[in-house]
Structures are given as structure tokens and as C-alpha cells.
Amino acid sequence: MKEMIIKIPEDATELVTELVEKLGGTIKVEEKISSKKKKPKKKKESVGHDFLFGKWKDFDVDTRKIREELWRRD
């Protein structure tokens, strides 16, 4: 038998309980877990200064050429 966890509104509890029991299932009611538990902190991933150019080594970084292309009037 499969086990499923569903969240339902309080006013629909009786309806869902009756439906599941008619289908031959069982219901285990659990209370909400308090959110006071501390979540583990995410570690900062260090990204090197050459990250971009490590991925695209053939990328041309000629600043003079880039400026000319940006300021050129067509």
C-alpha cells in the first residue's frame, strides 16, 4: 500500500477521513511541527575571479575593441 502525505483545510478533515476509510485506507493525524527549529545554514560557495573566463576561454576581452563596437554609430 502506498503512503501519502496531504495537507487539507480544517473544515475538510471529516470528508477526507470518511473517503479514505471507505477506500480501505488508514489515516494518521499529525500536528504541525513548530518552526522554531533552526535551519542549517547554507555554506557560501566561493567563486573565483576567473570563473567566467574559465568556462569560455575563447571569449575575447579586448576592451578597446568592445568600446569601439559600443560607441560606433551605424
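Quick note on the numbering used here: the sequence shown kicks off at 702 and runs consecutively.
C-beta atoms are modelled at their ideal positions from N, C-alpha and C, and glycine is treated no differently.
Query                                                                                                       : Result
When Lys-740, Val-730, Val-762, Arg-768 are compared against Pro-710, the one with the closest alpha-carbon : Val-730
Inter-residue CB distance, Ile-728 and Thr-718 (contact presumed, cutoff 8 Å)                               : 6 Å
Alpha carbon of Lys-743 to alpha carbon of Lys-708, nearest angstrom                                        : 28 Å
DSSP three-state assignment for Leu-724, whether helix, strand or coil                                      : coil
Secondary structure of Arg-768, DSSP reduced to three states                                                : helix
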